[in-house]
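In the numbering used here, the protein residues as written are 59 to 209.
Here the structure comes first, spelled out in structure tokens, and everything after it is commentary.
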């Protein structure tokens with residue numbers, strides 16, 4: 059692989075690490091900086107559909123997890139460059155959410171697109187979370203929200 063592509067690969071890995079850290083530490087300004095202005099996010103319950111736009115994504119995620127303690131891990135990225143300034147990636151993931159009587163442990167994959175901006179920084183331009191398995195004391199609720207996951 060070309061050395062400049064190795065640097066791009068590392069920047070995308072660091073980008074996703076920043077996504078997880080700023081989400082879990084509730085640093086909303088910094089969290090928003092990982093997305094393009096026109097990013098599309100499909101990370102939540104089925105009825106929420108797709109959330110589009112950096113500010114809209116931050117508001118949506120903040121509303122969903124502000125009151126929870128969260129831990130997100132991403133593993134084993136498969137990143138492919140699709141153009142000079144674009145890439146796609148799949149990340150295995152685990153998350154744990156706790157608070158207000160809510161408990162969820164989930165496993166799945168992030169399917170993402172990345173774009174390098176005019177400032178030279180890589181950002182997430184689309185993100186979709188698919189869940190393979192969810193464990194929660196309220197499994198029926200979880201199954202109704204994420205029907206594609208196994209509980």
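For every residue, glycine included, the Cβ atom is placed at its ideal position computed from N, Cα and C.
Quantities reported herein were computed from a predicted structural model and do not represent experimental measurements.
Where residue 62 is concerned, the enclosing alpha helix (DSSP H) starts and stops at 61-82. In this chain, residue 138 is not harboured by any alpha helix (DSSP H); it is covered by the beta strand (DSSP E) spanning 127-141. For the pair residue 90 and residue 121, the CB atoms are not nearer than the 8 Å cut-off. In this structure the stretch 149-159 lies against the stretch 114-130, because at least three pairs of beta carbons, one per stretch, are closer than 8 Å. Judged by DSSP in its simplified three-state form, residue 112 adopts helix. By a beta-carbon distance limit of 8 Å, residue 169 contacts residue 188. Their separation comes to about 7 Å. Counting along the chain, residue 88 sits inside the alpha helix (DSSP H) bounded by residues 86-90. Between residue 149 and residue 59, the alpha-carbon positions lie close to 20 Å from each other. In this structure, the alpha-carbon of residue 178 lies about 15 Å from that of residue 64.
Boundaries of the beta strand (DSSP E) harbouring residue 161: 160-174, taken from the DSSP string. Per DSSP, reduced to three states, the secondary structure at residue 189 is strand.
Cβ neighbours of residue 94 within its own chain (closer than 8 Å, five residues either side excluded): 112, 173, 175, 181, 182 and 183. Between the alpha carbons of residue 138 and residue 73 lies a gap of roughly 15 Å.
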